[in-house]
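Chains as they are written, first to last, in the numbering used here: chain V, 238 to 483; chain B, 238 to 483.
Ideal Cβ placement from N, Cα and C applies to all residues, glycine included.
Note that the structure is predicted; figures quoted are calculated from it, not measured.
Here the structure comes first, spelled out in structure tokens, and everything after it is commentary.
Protein chains: 2
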Amino acid sequence: MSELPADVALMWRLRDGSRRGPKPSLTIDDITRAAIEIADAEGLAAVSMARVAERLGNSTMALYRHVKSKDELLVLMSDAALERPEPLPEGIDWRTGLTFWASGVMVAVRRHRWYSKLPITGPPAGPNNLAWFDSALGALKDTGLPEEAKVGVVMGLMTYVHGEIRLSLDLAAGFADNPAAFSRYGAILARVVDPRQLPALARVLDAGVFDTVEAFEEESGQDFDFGLQLYLDGVERFIERVCQDS
Amino acid sequence: MSELPADVALMWRLRDGSRRGPKPSLTIDDITRAAIEIADAEGLAAVSMARVAERLGNSTMALYRHVKSKDELLVLMSDAALERPEPLPEGIDWRTGLTFWASGVMVAVRRHRWYSKLPITGPPAGPNNLAWFDSALGALKDTGLPEEAKVGVVMGLMTYVHGEIRLSLDLAAGFADNPAAFSRYGAILARVVDPRQLPALARVLDAGVFDTVEAFEEESGQDFDFGLQLYLDGVERFIERVCQDS
DNA sequence: GCTAAATAGCGTAGCAGGTACGCTATATCT
DNA sequence: AGATATAGCGTACCTGCTACGCTATTTAGC
Chain V
238 MSELPADVAL MWRLRDGSRR GPKPSLTIDD ITRAAIEIAD AEGLAAVSMA RVAERLGNST
298 MALYRHVKSK DELLVLMSDA ALERPEPLPE GIDWRTGLTF WASGVMVAVR RHRWYSKLPI
358 TGPPAGPNNL AWFDSALGAL KDTGLPEEAK VGVVMGLMTY VHGEIRLSLD LAAGFADNPA
418 AFSRYGAILA RVVDPRQLPA LARVLDAGVF DTVEAFEEES GQDFDFGLQL YLDGVERFIE
478 RVCQDS
Chain B
238 MSELPADVAL MWRLRDGSRR GPKPSLTIDD ITRAAIEIAD AEGLAAVSMA RVAERLGNST
298 MALYRHVKSK DELLVLMSDA ALERPEPLPE GIDWRTGLTF WASGVMVAVR RHRWYSKLPI
358 TGPPAGPNNL AWFDSALGAL KDTGLPEEAK VGVVMGLMTY VHGEIRLSLD LAAGFADNPA
418 AFSRYGAILA RVVDPRQLPA LARVLDAGVF DTVEAFEEES GQDFDFGLQL YLDGVERFIE
478 RVCQDS
């Protein structure tokens, strides 16, 4: 009975069919797609209402008949960009499932490098976002965890995965902007870090950990996997503990 | 010998003392502090060069003698906002240390709710950021992990912690904006989720997990701790494994 | 001291981007 | 047919970043 928020209704295409007035020449899908294409090609900053409208051969203000504000458009983009998750393979254990899921998120987001720059406006509510949510929950279905615990595990995982992706994409962008500043990261720190004040960091620098920041793509992939496996180890222990108690 | 990037030099206050021309009436610290005060009071969106200058009783363009661009100011803000970490208590184990550290980050960021909205421009380079980095590394000093592994553990932890904070702060902001949309979250999902398409999510809804999204503050604190402990469980297992091998 | 050079502050102006408003044409409902 | 709601759009306003050039000020070098 209650009204849905406007953007949720839009994402689920639940407009009531009031059919008076001229036929629309635009659909929300057109608009969202055009915005995504621009963002893919030139980055999120290039997405202006004017650019989107131009790409569609319409005037800027025409868009406002379909979208209440640019922020709403960003919400639509954030759901559309994710597309649908590939279904989990049948009969795999939860850990393989979540690893599969996480790398699927990685792939999906890498197609739209602007994704992680979007502001977070609320809990997942669009069809694609919820499909990903469901997919991760589904990976845990045979663990015997109570539903609430599954949600906690998945929320933490999403936080980690999206955070890691955001970090790695933003660093990659910074690297593309100014490779010199990155390859000299170790050298810069060495100039600035006083071993008396920051002893642990100085030890890391002495060990030469930051001296090879050349291979950027691969390294961030490894970091991703490393942290993910740590988290999943924790989940494993958690599951053991819960099942022992019951 | 090599030149440091401009923003790094600014954050470490390493300006060479060329002393010709009028005495500055502003310092970078003044500017940064004023910007932070505005952001604290009215949010990051309220921070414009004009507002900052106005607060300092100067003209807008005067700021550009001290800061190359607004982006540079944001970088300065991001380092200044964190302040220094409280030193870890002596003689505690690594797990207590990292938990202490994580809650310290939480407290520091909560003082500046705009922090997690800042764009990430590069790896940590400012004095406060590096102090936090050092502090986390220091917590691992007696674990026997190789330096590179410590860095991996800490990077993963930072990613998780900052991601979780960002999520919870943004959700809290959305909640303040529109409490109704949140308290009805479960109801909204129920209207929109088809159990045939999203079975795992439907099960969660049936279990009523989203029916009590009232207590927001506490709940997000619990989520934070839950995910953190999962991650730390993973670190513990990792440490055991590495030490066994050596 | 005196002159040249470097620098702080600032006024103006240009440009870009979001969007309120009102008009016109069009399609549907009664 | 007339009322009504809606699509597209031109105009205009407002905010925000910042390039440019001018003036006043201080110091370096002679």
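With fewer than 16 neighbouring CB atoms inside 10 Å of its own CB, B:G280 falls in the exposed class. Exclusion of the five residues before and after V:I275 leaves A283, V284, R288 as the residues of its chain whose Cβ lies within less than 6 Å of its Cβ.
Using a Cβ-Cβ cut-off of 8 Å, B:F337 does not count as an interface residue toward chain V, since no Cβ of chain V sits closer than that to its own. Going by DSSP, B:A373 is part of the alpha helix (DSSP H) stretching over 364 to 376. Closest option to V:L465, judged by alpha-carbon separation, among V:D431, V:A410, V:A339, V:T358: V:A339.
About 25 Å separates the beta carbons of B:L404 and B:L313, which is beyond the 8 Å limit, so they are not a contact pair.
By the CB criterion at 8 Å, B:N365 and B:A317 fall inside the cutoff. Identification of chain V residues near B:R474 by a Cβ-Cβ cut-off of 9 Å yields L467, D470, G471, E473, R474, ordered along the chain. Counting every other CB atom within 10 Å of its CB across the protein chains shown gives V:D266 a total below 16, marking it as exposed.
Excluding sequence positions up to five before and after V:V430, its CB lies within less than 8 Å of the CB of L438, A439, L442, all in the same chain and listed in chain order. No Cβ of chain V is located within less than 8 Å of the beta carbon of B:Y352.
With a cut-off of 8 Å on Cβ pairs, the segment 341 to 350 of chain V is not in contact with the segment 303 to 310 of chain V, counting fewer than three such pairs.
In the three-state scheme derived from DSSP, where H, G and I count as helix and E and B as strand, V:H399 is classed as helix. With contacts defined by Cβ atoms closer than 8 Å, B:M286 and B:L263 do not form a contacting pair.
The alpha helix (DSSP H) runs lying completely inside the segment 273 to 307 of chain B and spanning 4 residues or more are 286 to 292, given in chain order.
Using beta-carbon distances, B:P356 counts as an interface residue toward chain V, with a partner under 8 Å. Cβ-Cβ separation between B:A290 and B:G334: approximately 42 Å, too far for a contact (criterion under 8 Å). Proximity of B:Y422 to chain V, defined by a Cβ-Cβ separation below 8 Å, is satisfied.
Secondary structure of V:K260 (DSSP, three-state): coil. Remark: C-beta atoms of V:D460 and B:M392 approach each other more closely than 8 Å. With contacts defined as CB atoms closer than 8 Å, V:I268 and B:A362 fail to qualify as a contacting pair.
Secondary structure of V:R433 (DSSP, three-state): coil. Using a Cβ-Cβ cut-off of 8 Å, B:K378 counts as an interface residue toward chain V, since at least one Cβ of chain V sits closer than that to its own. Secondary structure at V:A427: helix, using DSSP grouped into helix, strand and coil. Around the beta carbon of V:S372, 16 or more other beta carbons lie within 10 angstroms, which makes this residue buried. Burial check for B:R321: the Cβ neighbour count within 10 Å stays below 16, so the residue is exposed.
In the structure shown, V:T336 adopts helical secondary structure according to DSSP, grouped into three states. In this structure V:V398 touches V:V342 by the C-beta definition: roughly 5 Å separates them, less than 8 Å.
For B:D244, the enclosing alpha helix (DSSP H) has its first and last residue at 243 to 248. For B:G423, same chain residues with a beta-carbon under 6 Å away, outside a window of 5 residues either side, are F447, D448 in chain order. Contact between B:F475 and V:L467 holds: their C-beta atoms lie close to 6 Å from each other, under 8 Å.
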